[in-house]
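Structure record follows, encoded as structure tokens.
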Amino acid sequence: MRHIRYVLYHCFALVLCCSATPVNAIYIDYDASVMPNNHTDPFSYVEFSSTSGSVSGGELTLTTAPAEGIWFGKYNHPSFAVPWNLAPSSDGNYLSVTAKLAPLATEWSMYFYDGAHFAGLGLIDNHTIEITKYHTPTGNLETQLIAVDTTEYHQYELLLKDGLVTYRLDGSTVLYHGDAYPTTFSNTLVIGDGSGSMISGTGSMMIDHVVFQTSPDFMIVPEPALFSVLLCVGSLLLVQRRV
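Throughout the sequence shown, residue numbering follows mature numbering (1 follows the signal peptide of the UniProt record, and there is no 0), covering -25 to -1, 1 to 218 in sequence.
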């Protein structure tokens, strides 16, 4: 019985270690019931000429044109300041966007910088998403195109922590987990299009739901700590069997 209590104590301590949430973590849950706020918490909202945004029936529509852009998020320029910051790489940042493209729309994007690394997805031409994979901290870039009907709603998740990035589709399919691209650009979160290229973002992007969290208390792929919890449970069962 003493052995069982010993194993339970250490399992419980390990779970607390894995699940503790920092007190100052930022959590934003946007349900597209209203337009994103302009220069106030939680998002900055930016329209350029020939672009527009609207909300109807719990859906945010961002519409743009060639060489123009429209986006919302968090930007480190004073003109687009909102009263919160992304967490440093050691604490991590998480972004979930449920979105689709209108027929004939071209590429759109969602990304953020944490001061040390970059994480981002692109939605391209109604049938693919683009993720950029970096296999070492210095580069070795590989672009991966994944077939998906972007005219239908999908959940796209990005988790960046300790220099590792994870991309997940629809809550279950891990598209990539590995090294993130190193950068010194910081405190930026963008959803939409703002590249100003001749084709980028042409058409409309519809957004149903956005969640952003600093210092997330969860993982979207297994990590060694979770394996250790399972190992604890297995040890407990073994002790019970021997008793």
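A virtual CB, placed ideally from N, CA and C, is assigned to each residue, including glycine.
**Study point:** Sub-9 Å separation of Y131 and V140 beta-carbons
**Key:** When the beta-carbon positions are compared, Y131 and V140 stay at least 9 Å from each other.
Check your understanding: Looking only at its own chain, which residues have a Cβ that is under 6 Å from the Cβ of A(-6), when we skip the five neighbours before and after it?
Key -> Since pLDDT at A(-6) reaches only 44, below the 50 mark, its modelled position is unreliable, and no value is offered.
Review point. So what does DSSP say about P157, is it helix, strand or coil?
Key: Strand.
Check your understanding: For K49, which of P63, T38, I166 has the nearest alpha-carbon?
Key -> Selected option, being the one with the closest Cα: I166.
Check your understanding: If you draw a straight line from the alpha carbon of W83 to that of N(-2), how long is it in whole angstroms?
Key -> Here the C-alpha atom of W83 lies approximately 31 Å from the C-alpha atom of N(-2).
Point to revise | Inside the region 7 to 83 only - beta strand (DSSP E) runs reaching at least 3 residues | key: As summarised for the region 7 to 83, the continuous beta strand (DSSP E) elements at least 3 residues long and confined to that stretch are 19 to 22, 27 to 31, 34 to 39, 45 to 49, 68 to 76, given in chain order.
Check your understanding: Quick one, which of S190, L98, V149, F47 has its alpha-carbon nearest T177's?
Key -> A check of alpha carbon separations from T177 across S190, L98, V149, F47 identifies L98 as the nearest.
Check your understanding: Any chance the region 87 to 98 sits against the region 154 to 174, with 3 or more Cβ pairs inside 8 Å?
Key -> Judged by Cβ distances under 8 Å, the region 87 to 98 makes contact with the region 154 to 174, as three or more pairs qualify.
Review point. Could you give the distance in angstroms between the alpha-carbon of residue 293 and the alpha-carbon of A80?
Key: This structure gives no information on residue 293, because the portion of the chain shown stretches from -25 to 218.
Practice item. Starting from Y2, trace the beta strand (DSSP E) both ways and give me its first and last residue. Key: Residues 2 to 5.
Check your understanding: Using CA coordinates, which residue listed in F187, M194, S190, M181 is at the minimum distance from G32?
Key -> It is M181 whose Cα lies nearest to the Cα of G32.
Point to revise | Cα-Cα separation, L37 to L133 | key: Straight-line measurement puts the Cα of L133 at about 21 Å from the Cα of L37.
Check your understanding: Which first and last residues belong to the beta strand (DSSP E) in which G167 is found?
Key -> Its beta strand (DSSP E) spans residues 163 to 168.
Exercise for review: Count the other CB atoms, across all protein chains shown, that sit within 10 Å of the CB of T125; report buried if there are 16 or more and exposed otherwise.
Suggested key: It is buried - the Cβ of T125 has at least 16 other Cβ atoms within 10 Å.
Review point. Which value, in whole angstroms, describes the spacing of the CA atoms of G44 and S27?
Key: Distance between the alpha carbons of G44 and S27 is about 9 Å.
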